[in-house]
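Q: Its first residue numbered 124, the sequence shown is counted upward by one per residue in this note's numbering.
Every residue, glycine too, gets a C-beta built ideally from N, C-alpha and C.
These figures come from a predicted structure and were not determined experimentally.
One structure follows; several queries about it will come next.
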Amino acid sequence: MRPGLGVHFNSLHEFSYDTGEWRVVHPGCHDYDTHIQGLPRPRRHASIVVHGKSVFVYGGFSVEGTVISDLWEYKLESNTWLRLPTPAASPANDRYYHPQDTSNKKPAVPVGRAEHTAVTYGNKMVVFGGYDGKRKLNDIYVFDFVTQRWSRPAIAEHNAPSRRCKHSAVLYKKRMYITGGFQYKEGDNYALTDMHALDLDTFVWSPILMGNSCPDALQGHKAVVCGDSMYVLGGKVRQRLRGHPPHHSNFPSTMQMPMPLRDGNNPQSMSMMGPPAQPVTMDLGYVARPGAPDNRSSGLNNVVFRYIFDANKWEILETSGHPPAPRQLHAAVALPTGGGRGSIFVFGGTDRSKQRFFNDLAELRGVRITSDAFAPPCQACSSYNILLDSNIFSDVYFVVEGRTIHAHRAILYARSEYFRNMFDSRMRESIQTEIVIPEVSYEVFRGVLEYLYAGKVKVTHGKLALDLLKAADMFRIEGLRNLCVEKVEQAVTVDNAAFVCQVADTHNAQHLKVFCITFIMQNFKEIIKSESFQTLMRQDPGGLGHEILEAYSENSPYSSGSKRARK
124 MRPGLGVHFN SLHEFSYDTG EWRVVHPGCH DYDTHIQGLP RPRRHASIVV
174 HGKSVFVYGG FSVEGTVISD LWEYKLESNT WLRLPTPAAS PANDRYYHPQ
224 DTSNKKPAVP VGRAEHTAVT YGNKMVVFGG YDGKRKLNDI YVFDFVTQRW
274 SRPAIAEHNA PSRRCKHSAV LYKKRMYITG GFQYKEGDNY ALTDMHALDL
324 DTFVWSPILM GNSCPDALQG HKAVVCGDSM YVLGGKVRQR LRGHPPHHSN
374 FPSTMQMPMP LRDGNNPQSM SMMGPPAQPV TMDLGYVARP GAPDNRSSGL
424 NNVVFRYIFD ANKWEILETS GHPPAPRQLH AAVALPTGGG RGSIFVFGGT
474 DRSKQRFFND LAELRGVRIT SDAFAPPCQA CSSYNILLDS NIFSDVYFVV
524 EGRTIHAHRA ILYARSEYFR NMFDSRMRES IQTEIVIPEV SYEVFRGVLE
574 YLYAGKVKVT HGKLALDLLK AADMFRIEGL RNLCVEKVEQ AVTVDNAAFV
624 CQVADTHNAQ HLKVFCITFI MQNFKEIIKS ESFQTLMRQD PGGLGHEILE
674 AYSENSPYSS GSKRARK
């Protein structure tokens, strides 16, 4: 250890969930021996991802506080480190591109950085943002594990989030979601809870509209994905200040871990792998100066936030047990544990002053991984598909547009609340063998039945997805509604965005509605000329029309550089 510089490590450790024990995978060495032993330098604030049977470590701060630009692979099977052959981050042989660089040279190798994020998608690692020792970054670099080459997608520079570090990045479906961080924008540094999604197939950014229930001024946190939700743990947040009205959140001035539910249905419980920490309650006692900007992070977060992707909804997770002490700059990972549940592990980190460092391991158990809406179809459900429109054991048939579809009451009763209520009622449909279905096309209703029988449906075009979305609302099938939303989003264009937004609003597809409003804001000048937008303003100027105009007014920075519209 060098005087005054503290201790940095390059050792690698493994924790076994099955045995509850730690194991030293690789002991590491001192900083001055790394070049001899072929090991990565000791560091902090690096990114780490897993691909195949290897662990990849990129960037970070050195013992001296300088940024590191190397990329290392740890091969789990051979227990060896390998430095990947990328150019050194030195101005002597490379000129690295920054957002302020007006030259045409934009190299495909990233500048050294720390406090950034990285996720894996297919055979690629996607790196975003961080701090390069002088400025915060908002660039995207992609490392291909197969070719071992870096690239920089040019389209990702459009509508990119503000420059930031100490943010989080998670992968959900085909998108990387960036949340919060310590940011730089328009000459000011501040913490802000915003969210942006990057489509990793097209590298097009989309801002996510945030409500008042999200954590305020979030930075230094960790986020993981379980099922259809993102869970945010630790970090700094701005809390309500005494004598000062809340700026962005609904939290009281004293935040504490919520009490467990009394009905016993709460599945989430905290446990410590080691001595338990006591729940911590904070009361900041800070009175804001009149007229002072509220742009500071004020304390450590000690609750667990859940963000439901497809509902665009934040909530505080109810937990019980012994939570870890509040912390920032820690590590977190999610692990499936069976039965549709999982655990989130939190390790290490520092307190607010960065004078106390933690080496405890906490587990949040019982986190739901699968839901009724998004669970993959079981083998039994898939096999029901051979009975669809078959007269084998059929005891009911539907007439749609003059055509007949054979069905089975038992399957419909088990799979659909709508049909369960129909068959339990005293309506004539409860005893009739022939049921006429009006207001729905044959193609759409067959798609509904296909989903109920097989747990999936083939959606061949955007109009079918939109019609199925309406039918899903009519028949109250949440899983089908969510499946259709993803397909409809892919078909939204400048010409139909306003119409699709109306359909989403009418049929309670909140996530699709938010997507459409965001798309309209990004292409506002073109969309306001479209026939569908003008029709919307004539039909509902004080409702949805007003909501769209208000969103555009409040989020005008997003509209200044619109993304390339789909024609």
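How big is the Cα-Cα spacing for residue 675 and residue 464?
A: Going by the C-alpha atoms only, they are around 40 Å apart.
Q: Buried or exposed: residue 404, going by 16 or more other Cβ atoms within 10 Å of its Cβ?
A: Its pLDDT being 30, under 50, residue 404 is placed unreliably by the model, and nothing is read from it.
Q: Relative to the C-alpha of residue 585, which candidate in 597, 610, 570 has its C-alpha closest?
A: Minimum Cα distance to residue 585 is reached at 610.
Q: Pull up the DSSP beta-bridge partners for residue 167, would you.
A: In the DSSP output, where bridge partners are listed per residue, residue 167 has 184.
Q: Does the distance from the CB of residue 283 to the CB of residue 300 come in under 7 Å?
A: No, they are not a contact pair.
Q: Does the beta carbon of residue 557 sit closer than 7 Å to a beta carbon anywhere in chain B?
A: Any reference to chain B falls outside this structure, which holds one protein chain only.
Q: Residue 242 and residue 292 look like a contact to me (Cβ under 8 Å); what is the Cβ gap, rounded to whole Å?
A: Sure, about 5 Å apart at Cβ, within 8 Å.
Q: Cutting at 6 Å between CB atoms, please list the residues of its own chain near residue 274, excluding the five before and the five after it.
A: The answer, listed in chain order, is 231, 265.
Q: Is residue 349 helix, strand or coil when you go by DSSP?
A: Three-state result, residue 349: strand.
Q: Nearest CA to the CA of residue 605: which residue from 452, 433, 163?
A: The residue with the shortest Cα to Cα distance from residue 605 is 433.
Q: Give me the Cα-Cα distance between residue 305 and residue 140, rounded to the nearest whole angstrom.
A: Cα to Cα, residue 305 sits roughly 33 Å from residue 140.
Q: Give the secondary structure of residue 576 by DSSP, where H, G and I count as helix, E and B as strand, and everything else as coil.
A: Helix.
Q: Quick check on residue 518: buried or exposed, where buried means 16 or more other Cβ atoms within 10 Å of its Cβ?
A: So residue 518 counts as exposed.
Q: Quick one: what does DSSP say residue 312 is sitting in, helix, strand or coil?
A: Residue state, collapsed to three classes: strand.
Q: Name the DSSP beta bridge partners of residue 299, please?
A: Residue 299 pairs with 294, 321.
Q: Residue 544: buried (16+ other C-beta within 10 angstroms of its C-beta) or exposed?
A: When all chains shown are included, residue 544 counts as exposed.
Q: Check for me: the beta strand (DSSP E) holding residue 468 runs from which residue to which?
A: Per DSSP, residue 468 belongs to the beta strand (DSSP E) from 464 to 470.
Q: So, helix, strand or coil for residue 226, using DSSP?
A: Unreliable placement is indicated for residue 226, whose pLDDT of 46 sits below 50; the coordinate value is still reported in the next sentence. Three-state DSSP puts residue 226 in coil, outside helix and strand.
Q: Quick one: what does DSSP say residue 261 is sitting in, helix, strand or coil?
A: Three-state DSSP puts residue 261 in a strand.
Q: Which one of 189, 656, 450, 582 has the shortest CA to CA distance from residue 165?
A: Of the candidates 189, 656, 450, 582, the one whose C-alpha sits nearest the C-alpha of residue 165 is 189.
Q: Taking the alpha-carbon of residue 509 as reference, which of 207, 546, 578 has the nearest alpha-carbon?
A: Per the Cα distances, 578.
Q: So, with DSSP's three-state summary, where would you put residue 557?
A: The answer is strand: DSSP assigns residue 557 an E or B state.
Q: Are the region 466 to 478 and the region 445 to 456 in contact at 8 Å, needing three or more beta carbon pairs?
A: Contact between the region 466 to 478 and the region 445 to 456 is present, because at least three Cβ pairs lie under 8 Å.
Q: Is it buried or exposed for residue 132, if we count other Cβ within 10 angstroms and need 16 for buried?
A: Exposed, since its Cβ has fewer than 16 Cβ neighbours within 10 Å.
Q: Give the secondary structure of residue 589 by DSSP, where H, G and I count as helix, E and B as strand, and everything else as coil.
A: In this structure, residue 589 counts as helix in the three-state DSSP scheme.
Q: What is the rounded straight-line gap between the Cα of residue 255 and the Cα of residue 624?
A: Their backbone Cα atoms lie some 41 Å apart in a straight line.
Q: Taking 6 Å as the line, does the beta carbon of residue 449 fall inside it for any heavy atom of the ligand MG?
A: This structure does not include the ligand MG; it has no bound ligands of any sort.
Q: Give a yes or no on whether the C-beta atoms belonging to residue 614 and residue 603 are separated by under 7 Å.
A: For residue 614 and residue 603, no; Cβs fall outside 7 Å.
Q: Which residue wins for smallest C-alpha separation from residue 314, given the options 323, 303, 324?
A: When each option's Cα is compared against that of residue 314, the closest is 303.
Q: Helix, strand or coil for residue 655 per DSSP?
A: DSSP places residue 655 in helix when its eight states are reduced to three.
Q: Mind listing, in chain order, the continuous beta strand (DSSP E) runs of no fewer than 3 residues lying wholly within the region 502 to 536?
A: Entirely contained in the region 502 to 536, the beta strand (DSSP E) runs reaching 3 residues are, in chain order, 519 to 523, 526 to 530.
Q: From residue 561 to residue 631, what does the alpha carbon distance come to, in whole angstroms?
A: Each residue's alpha carbon lies about 21 Å from the other.
Q: Measure the beta-carbon distance from residue 288 to residue 310 and round it to whole angstroms, keeping in mind my assumption that it falls under 8 Å.
A: Not really, about 17 Å apart at Cβ, beyond 8 Å.
Q: Mind checking whether residue 455 and residue 347 have CB atoms under 7 Å apart?
A: Against a cut-off of 7 Å, the Cβ pair of residue 347 and residue 455 comes out as a contact.
Q: For residue 636, I'd like the list of residues in its chain whose CB is within less than 7 Å of its CB, leaving aside the five on either flank, ordered along the chain.
A: Excluding residues within five positions, the ones whose Cβ falls inside 7 Å are 624, 627, 628.
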